[in-house]
Amino acid sequence: MRTTFPTSVSAATMAATAQDYIQRGWTVAETANGICLITDTNVSGIEVAGELAANVRRFLRANNLSGPVIEIPGAERREIHLVTGLGKAEMALEALRAAGAIVHTDGAGIPLPPTQLSAGEACWGVAPGEARWLPPVVAIAAAVRSANSGRKPQLSSIAS
Numbered sequence: 014m015r016t017t018f019p020t021s022v023s024a025a026t027m028a029a030t031a032q033d034y035i036q037r038g039w040t041v042a043e044t045a046n047g048i049c050l051i052t053d054t055n056v057s058g059i060e061v062a063g064e065l066a067a068n069v070r071r072f073l074r075a076n077n078l079s080g081p082v083i084e085i086p087g088a089e090r091r092e093i094h095l096v097t098g099l100g101k102a103e104m105a106l107e108a109l110r111a112a113g114a115i116v117h118t119d120g121a122g123i124p125l126p127p128t129q130l131s132a133g134e135a136c137w138g139v140a141p142g143e144a145r146w147l148p149p150v151v152a153i154a155a156a157v158r159s160a161n162s163g164r165k166p167q168l169s170s171i172a173s
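Per this note's numbering, residue 14 is the first one in the sequence shown, and the count goes up by one each step.
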């Protein structure tokens with residue numbers, strides 16, 4: 014049985030939002046509750062939760078590595094970082110899974126804002142238009158590794 018949730022988003026707004034995602038080269042599908050990103054070789058998602066999510070976001074911001082981030086409503090903080098480059102990052106993916114991250118790829122669906130979920134509406138923590146890029150998955154793996162090592166995020170610098 015399919016469950017739907019009431020949404021305050023008009024059909025025209027939903028269609029325009031879906032079109033914006035399509036123009037970014039993303040494969041999307043409309044659902045009863047909103048819009049779903051269909052993951053593929055070009056865009057996938059890494060989901061982190063709780064304190065790890067906060068530390069990962071802090072690391073990425075401090076090192077200018079932030080990409081689009083979807084915030085999933087619920088009792089615990091959950092974020093899905095949109096990434097690329099999974100094809101050449103098997104060790105990074107293994108490390109992410111070992112650290113408790115969920116890897117959304119190979120046709121998995123990710124709710125895109127303004128999709129209505131049981132606990133509320135998915136929203137952008139970092140919107141695609143605010144992000145400078147779609148980071149490689151190894152950037153998220155580095156952020157998770159740093160967060161789990163207990164180090165504070167450090168600004169990277171380029172020697173001149």
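Ideal placement from N, C-alpha and C gives every residue a C-beta, glycine not left out.
1. Enumerate in chain order the residues of its own chain whose CB-to-CB distance from cysteine 136 is below 7 Å, with the five nearest sequence positions on each side excluded.
2. Can you tell me whether DSSP reads valine 69 as helix, strand or coil?
3. Okay, do the stretch 87-102 and the stretch 135-151 touch, 3+ Cβ pairs below 8 Å being the bar?
4. At the level of alpha carbons, what is the spacing between serine 170 and arginine 74?
5. Go ahead and pull the three-state DSSP assignment for threonine 26.
6. What is the C-beta distance between methionine 27 and glycine 47, in whole angstroms, given that I count them as a contact (C-beta under 8 Å)?
7. Going straight from the alpha carbon of alanine 108 to that of glutamine 32, what length do you get?
8. First and last residue of the beta strand (DSSP E) that includes leucine 109?
A quick look at the data gives this:
1. As a position in the sequence shown, residue 136 is number 123, starting the count at 1. Closer than 7 Å at the Cβ level, and outside the excluded window around cysteine 136, lie Glu84 and Pro126.
2. For the purposes of this step, residue 69 is taken as residue 56 along the sequence shown, with counting starting at 1. Helix.
3. yes
4. Taking the sequence shown and counting its residues from 1, the one referred to as residue 170 is at position 157. Taking the sequence shown and counting its residues from 1, the one referred to as residue 74 is at position 61. Note that serine 170 scores 49 on pLDDT, short of 50, meaning its location in the model is unreliable; the coordinates nonetheless yield the value given after this. Whole-angstrom Cα-Cα distance: 14 Å.
5. As a position in the sequence shown, residue 26 is number 13, starting the count at 1. Helix at threonine 26.
6. Translated into the one-based positions of the sequence shown, residue 27 becomes position 14. Translated into the one-based positions of the sequence shown, residue 47 becomes position 34. With 8 Å as the limit, methionine 27 and glycine 47 qualify as a contact, their Cβ atoms being about 7 Å apart.
7. Here residue 108 refers to the residue found at position 95 when the sequence shown is read from its first residue. Here residue 32 refers to the residue found at position 19 when the sequence shown is read from its first residue. Going by the C-alpha atoms only, they are around 35 Å apart.
8. Here residue 109 is taken as the residue at index 96 of the sequence shown, counted from 1. Run containing leucine 109: none in the beta strand (DSSP E); it sits in the alpha helix (DSSP H), 103-111.
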